[in-house]
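Before any comments, here is the structure.
There are 2 protein chains.
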Amino acid sequence: MKYYRSFQAGQSIIWAGDPMEFVGSVVNGVATLTQTMEDGRRQMVGLMLPSDFVGRPGRAAAAFDVTAKTDLVMCCFRKKPFEAMMATTPHIAQRLLEMTLDELDAAREWMLLLGRKTAREKIASLIAIIARRDAALHLRAAKGGISVDLPLTREEMADYLGLTLETVSRQISALKKDGVIILDGNRHVSIPDLNRLLEEAGDDGDGGMLA
Amino acid sequence: MKYYRSFQAGQSIIWAGDPMEFVGSVVNGVATLTQTMEDGRRQMVGLMLPSDFVGRPGRAAAAFDVTAKTDLVMCCFRKKPFEAMMATTPHIAQRLLEMTLDELDAAREWMLLLGRKTAREKIASLIAIIARRDAALHLRAAKGGISVDLPLTREEMADYLGLTLETVSRQISALKKDGVIILDGNRHVSIPDLNRLLEEAGDDGDGGMLA
DNA sequence: CGATTACCTTGACCCAGATCAACCTTGCGA
DNA sequence: TCGCAAGGTTGATCTGGGTCAAGGTAATCG
Chain F
1 MKYYRSFQAG QSIIWAGDPM EFVGSVVNGV ATLTQTMEDG RRQMVGLMLP SDFVGRPGRA
61 AAAFDVTAKT DLVMCCFRKK PFEAMMATTP HIAQRLLEMT LDELDAAREW MLLLGRKTAR
121 EKIASLIAII ARRDAALHLR AAKGGISVDL PLTREEMADY LGLTLETVSR QISALKKDGV
181 IILDGNRHVS IPDLNRLLEE AGDDGDGGML A
Chain H
212 MKYYRSFQAG QSIIWAGDPM EFVGSVVNGV ATLTQTMEDG RRQMVGLMLP SDFVGRPGRA
272 AAAFDVTAKT DLVMCCFRKK PFEAMMATTP HIAQRLLEMT LDELDAAREW MLLLGRKTAR
332 EKIASLIAII ARRDAALHLR AAKGGISVDL PLTREEMADY LGLTLETVSR QISALKKDGV
392 IILDGNRHVS IPDLNRLLEE AGDDGDGGML A
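Sequence order for the protein chains is F and H.
Here the first sequence stands for residues 1 to 211, where the numbers follow our numbering.
Here the second sequence stands for residues 212 to 422, where the numbers follow our numbering.
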């Protein structure tokens, strides 16, 4: 019934428009959903971390490009049998609905970020989002200084945030200079004061920011 | 079981954080979901037209402000009984899942618009989105010139698109000057050539753009 | 009918972030 | 161990859209 698939970092999982033959959830690693315009402008529209569901029951073709950003393991179901199972097992549809509603809320937070936040706020928000997802996954309590591994390059962060990679780099440097974050290499970030970071992110208190 | 509620144009339906006591779908009129930052920056995150579902089964408090933008009629269910019905009637959860997945796709198109499109493309996209939704509703075939009533003020369009109202006004004037649209009053738009408009919108061909 | 109010347009100027360009750092494979 | 490629930083300059400001238009109400 279910089976596992592995992908290498950088490998495309499916292209927009391709027929989808499976659905599944991320077990390990990071995948992204992106849209591309004909002239090459790109926007990330989904960041899939372990436990996220990928695919769209009831649709024949993929709407977005899906790419593994790290080595990735997915737990997959062939789409047809999965749809049949959904029809006969109400619990599955209900669970999937719950997950989809959470994802929709997250997308709406993301829309606020894209439409109204400054570059600095966008970077702070992204780090906060990854930190929160990370914490939820590892159940590691947020005591003292939190530390996070960024699963994305500067360019991928730019695609997430609707910025250019140069602006991402500059704003990360600025947050570091101001002591909001501490860098250890390019990918590893420590957060001495989470409230300070959330303030920089422009989130009132905390908000939803579920994914 | 179900009952109808009416709201006047401009009336708030629910504020973010308030307890939700009902869910329902729009029968007539237009409602919006918006998010507001403490300093007043606002981003629309949902535009609800007739047939759209409003509310979140399985969540106690509203995540966003919901406002009637025109006189509005909704078909409502008290939330608790609706949730019970969902648990016992699989078909409902499945239908709601389908609608939520469509909304998520639409949100992802919207993210591309917010993150990567120019002001002119944003305006053209918005007009195209409303025209498509309109056409789907009225089943009026898109022959020759299409015409659309904008249910939003310039300011509300700005909140939709992540722009200021001045930029919205300027870009509408520019599209008019270039013959892409024809204005009849402030709210009524004729589209002489839909393909031209879609080109201006930066949509490759047509895309999803479901809501 | 004139006045108020809500909405819209247009102009002048400014600035956050894009663009263009040079260079640095790190890791890997021959 | 050298060379190259991928990723990252930083500087200089430009520009699309924001901001500030001044009217214009049209519906509504004494």
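Backbone N, C-alpha and C define an ideal beta-carbon position, used for all residues, glycine too.
Note that this is a predicted model, so its numbers are computed, not measured.
Between the C-alpha atoms of glycine 145 of chain F and isoleucine 181 of chain F there is a straight-line separation of about 10 angstroms.
Counted as a single uninterrupted DSSP element, the beta strand (DSSP E) harbouring threonine 36 of chain F occupies residues 31-36. DSSP, reduced to helix, strand and coil, places glycine 235 of chain H within a strand of the structure shown. Between the region 120-134 of chain F and the region 338-351 of chain H there are fewer than three inter-stretch CB-CB distances shorter than 8 angstroms, so the stretches are not counted as touching. Exposure of tryptophan 15 of chain F is indicated by the presence of fewer than 16 other C-beta atoms within 10 angstroms of its C-beta.
Interface criterion met: the Cβ of aspartate 105 of chain F is under 8 angstroms from a Cβ in chain H.
Cβ proximity to chain F below 8 angstroms picks out Met297, Ala298, Pro301, Ala304, Gln305, Leu307, Leu308, Glu309, Thr311, Leu312, Glu314 and Leu315 from the region 285-315 of chain H. Straight-line spacing of the CA atoms in leucine 394 of chain H and valine 265 of chain H works out to 32 angstroms. DSSP places aspartate 360 of chain H inside the beta strand (DSSP E), whose first and last residues are 357-360. Cysteine 76 of chain F sits close to phenylalanine 22 of chain F, with the two beta carbons spaced by under 8 angstroms. Here threonine 299 of chain H is exposed: its Cβ has fewer than 16 other Cβ atoms, across all protein chains shown, within 10 Å. In this chain, the alpha helix (DSSP H) harbouring aspartate 159 of chain F covers 154-161.
Around glycine 40 of chain F, no beta-carbon contact reaches into chain H at under 9 angstroms, the shortest distance being about 10 angstroms. For arginine 132 of chain F, the enclosing alpha helix (DSSP H) starts and ends at 119-138. Straight-line spacing of the CA atoms in aspartate 263 of chain H and lysine 177 of chain F works out to 47 angstroms. Glutamine 43 of chain F has a beta carbon lying within less than 8 angstroms of a beta carbon in chain H. Measuring C-alpha to C-alpha distances from aspartate 71 of chain F to each of F/Gly185, F/Thr32 and F/Ala201 identifies F/Thr32 as the nearest. Separation of lysine 122 of chain F and alanine 201 of chain F (C-alpha to C-alpha, rounded to the nearest whole angstrom) is 7 angstroms.
Following the DSSP letters along the chain, one finds aspartate 316 of chain H inside the alpha helix (DSSP H) bounded by residues 301-327. Within the region 378-395 of chain H, contact with chain F at the beta-carbon level (separation under 7 angstroms) is assigned to no residue. Excluding residues up to 5 positions away in sequence, Ile303 lie with their Cβ nearer than 7 angstroms to the Cβ of methionine 296 of chain H in the same chain. For leucine 258 of chain H, no alpha helix (DSSP H) run applies; the uninterrupted beta strand (DSSP E) run containing it begins and ends at 253-259, by DSSP. Per DSSP, the continuous alpha helix (DSSP H) segment holding isoleucine 172 of chain F begins and ends at 165-177.
As computed with DSSP, valine 73 of chain F is found in a beta bridge with F/Ser6 and F/Asn28. Taking a C-beta distance under 8 angstroms as the contact criterion, glutamine 254 of chain H and glycine 373 of chain H qualify as a contact pair.
Lysine 2 of chain F and aspartate 149 of chain F have their C-alpha atoms some 30 angstroms from each other. Counted as a single uninterrupted DSSP element, the beta strand (DSSP E) harbouring alanine 68 of chain F occupies residues 65-68. Using a 10 angstroms sphere on the CB of tyrosine 371 of chain H, the tally of other CB atoms reaches 16 or more, which defines it as buried. The C-beta distance from arginine 327 of chain H to arginine 154 of chain F rounds to 17 angstroms, too long to fall under 8 angstroms, and the pair is not in contact. In the DSSP assignment, valine 189 of chain F falls within the beta strand (DSSP E) that extends over 188-191.
Classified as buried, aspartate 414 of chain H has 16 or more neighbouring CB atoms from the shown chains inside 10 Å of its CB. Secondary structure of proline 230 of chain H (DSSP, three-state): strand. For leucine 325 of chain H, the nearest beta carbon of chain F is closer than 8 angstroms to its own beta carbon. The beta carbon of valine 379 of chain H is closer than 6 angstroms to those of Arg365, Met368 and Ala369 in its chain, skipping five residues each way along the sequence. Out of H/Ser358, H/Gly228 and H/Lys291, the CA that lies nearest to the CA of glycine 235 of chain H is found in H/Lys291.
Short of 6 angstroms from the beta carbon of threonine 164 of chain F, and not among the five residues preceding or following it, lie these beta carbons of its own chain, in chain order: Ala158.
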